[in-house]
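S.K.:
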Amino acid sequence: MDKPYSQAHQPISEQPVAIGHAVRFVYLMTGVAHLARLSQDEGKRRDCLRLWKNMARRQLYITGGIGSQSSGEAFSSDYDLPNDTVYAESCASIGLMMFARRMLEMEADSQYADVMERALYNTVLGGMALDGKHFFYVNPLEVHPKSLKFNHIYDHVKPVRQRWFGCACCPPNIARVLTSLGHYIYTPHGDVLYINLYVGNSVEIPVGNEALRLRISGNYPWQEQVKIVIDSSSPVNHTLALRLPDWCDKPQVTLNGAPVTQDVRKGYLHISHLWQEGDTLQLTLPMPVRRIYGNPLVRHQAGQVAVQRGPLVYCLEQADNGEQLHNLQLPRDARFSTVEGKGIFARKILLQAPGYKQTAEDAENQALWHYDRAPSSRQPQVLTFIPWFSWANRGEGEMRIWVNETEA
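In terms of the UniProt record's numbering, the sequence shown is residues 1 to 408.
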């Protein structure tokens, strides 16, 4: 038996890194975190913090995926995060959300909700097609369909979502997490209600002998405005703590039109108030397009950049940009514009930026390498980025998140 596969090679208290089957790991640590809180076990709490830190800082994909190798559907070594042979099982990101939820119950720190949101809006949503009938088990950050058919290191990667699987854990798991989001949106802690996610919903929370009722609305994550309205029939004295996302530099919050005092603790804005029916919190989360640069220890991202708006990671797809996505270049000073999507992308935001494509005449008849002189030249091309969770909804084609960046 391969004990590291099932995290059984050492006591948890002696394990320094996330290891083994990724889904097993996050399910196990979800239970450990829950037990640590219920039993007030400081040792188990430290174990959770240590292993979370290793996973989130050294083994986590920009998409909220974990488990970088197909062998054992497992973690690899620190900073080994390949984009095309990655496993990143849909269930692993769901388990990551579960682990984050239990960490939030143990300690109100927005770092856990930030990871939870990254997993939800990218890998978890991306695990299901826009028609709700096709699914990914594996979630790559880069796909070259022509190579998948011949190179067996990609045997686990599919260029389009599948109707079903022999081991069909992911489809029902996606359904389960999407229908239980209430457990993730809110975390009650004594006299504070922490709001982790800004999914539209309504909720009733018992507060002493009263009930705090509120509803969240807005077109998140596409639009910057989030509205929280109190619907309680009688006044309720309580504290709401709003998560300020790590991707947002200048959030703004008003209560009934007036600015709120900035009482921020571990990424949450605390607002204590005698809440009455009609009280309205307006949260503005500016969503500029942001460039993401990888840690220099991750060799797979060297010289490349990723694009994110709000919590959504974006990608290039062949349907918009043609073949040979590896030859596209994004200038460092290129400005992005937002584009309202159409067709299957209706009510979604796409991004465009001026860029370049390296081209060469008659490349198929050229030698594989050239001395001293580059065999290609670059031509201007508009680059179109779509939300990564929505890729592969227009048939088979190339896709990549990390794009080559050039000075000009």
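Ideal placement from N, C-alpha and C gives every residue a C-beta, glycine not left out.
1. Under three-state DSSP, which class holds T261?
2. Please report the straight-line C-alpha distance between N54 and V17, rounded to a whole angstrom.
3. Starting from the C-beta of S76, find all residues in its chain whose C-beta is less than 8 Å away, skip the five residues before and the five after it, and write them out in chain order.
4. Comparing alpha-carbon positions, which option in Y61, M97, G72 and A92 lies nearest D80?
5. Could you tell me the distance, in whole angstroms, from the CA atom of residue 412 to the CA atom of G257?
6. I need the straight-line Cα distance from E105 to N321, nearest angstrom please.
7. Please report the distance separating the alpha-carbon of A319 from that of Q15.
8. Using DSSP's beta-bridge definition, name the partner residues of Q223.
9. In terms of residues, what are the limits of the alpha helix (DSSP H) holding Q379?
10. Is it true that the segment 357-366 meets the segment 122-129, where meeting means three or more beta-carbon pairs spaced less than 8 Å apart?
11. May I have a chain-ordered list of the beta strand (DSSP E) segments no shorter than 3 residues that lie completely inside the segment 311-388?
12. What's the gap between the Cα of P380 and the Cα of K357?
13. Classify I62 as helix, strand or coil using the three-state DSSP reduction.
14. What is the C-beta distance between E89 and V23, in whole angstroms, given that I count them as a contact (C-beta under 8 Å)?
15. With a CB to CB cut of under 6 Å and the five nearest residues on each side skipped, what residues in its chain are close to H144?
16. With Y198 and A108 assumed to form a contact (beta carbons below 8 Å), what rounded beta-carbon distance in angstroms separates them?
17. Tell me, please, which residues DSSP counts as bridged to F135.
18. Name the DSSP bridge partner or partners of N237?
19. Pull up the distance between the alpha-carbon of V236 and that of P171, whole angstroms please.
20. Specify the secondary structure class of I19 as computed by DSSP and reduced to three states.
21. Give every residue of the same chain whose Cβ lies closer than 6 Å to the Cβ of S180, excluding the five residues on either side of it in the sequence, and list them in chain order.
22. DSSP state of N393, grouped into three classes?
23. Should N173 be labelled buried (16 or more other beta-carbon atoms within 10 Å of its own) or exposed?
24. Please state the DSSP three-state secondary structure of Q301.
25. The beta strand (DSSP E) with H189 in it runs from where to where?
26. Given this structure, state the Cα-to-Cα distance separating H300 from I94, to the nearest angstrom.
27. I'd like to check one pair, N83 with L141: are the Cβ atoms closer than 9 Å?
28. CB A74 to CB I153, shorter than 9 Å?
29. Measuring straight from C-alpha to C-alpha, what distance separates P4 and L214?
30. Can we say the segment 30-37 touches the segment 269-289, given the rule of at least three CB pairs closer than 8 Å?
31. Which value, in whole angstroms, describes the spacing of the CA atoms of D155 and R265?
32. Which residue wins for smallest C-alpha separation from H273, given the options A241, A360 and L350?
33. Rounded to whole angstroms, how far is the Cβ of K250 from the Cβ of P286, which I believe are closer than 8 Å?
34. Quick one: is L96 buried, meaning 16 or more other Cβ sit within 10 Å of its Cβ, or exposed?
35. Can you tell me which residues form a DSSP beta bridge with N404?
36. Starting from R309, follow its DSSP beta bridges and name the residues at the other end.
M.R.: Checking against the coordinates, here is how it stands:
1. coil
2. 6 Å
3. Q59, S68 and Q69
4. Y61
5. Past the edges of the chain, shown from 1 to 408, lies residue 412, and the structure says nothing about it.
6. 44 Å
7. 45 Å
8. BP columns for Q223 are empty, so no partner.
9. Per DSSP, Q379 belongs to no alpha helix (DSSP H); it is in the beta strand (DSSP E), S377 to P387.
10. no
11. 312-317, 328-331, 337-340, 349-359 and 377-387
12. 6 Å
13. coil
14. 6 Å
15. E398
16. That pair is no contact at about 17 Å.
17. M128 and Q162
18. L274
19. 40 Å
20. coil
21. none
22. coil
23. buried
24. helix
25. Y186 to H189
26. 25 Å
27. yes
28. no
29. 45 Å
30. no
31. 46 Å
32. A241
33. 6 Å
34. buried
35. Q304 and Q329
36. V289 and L312
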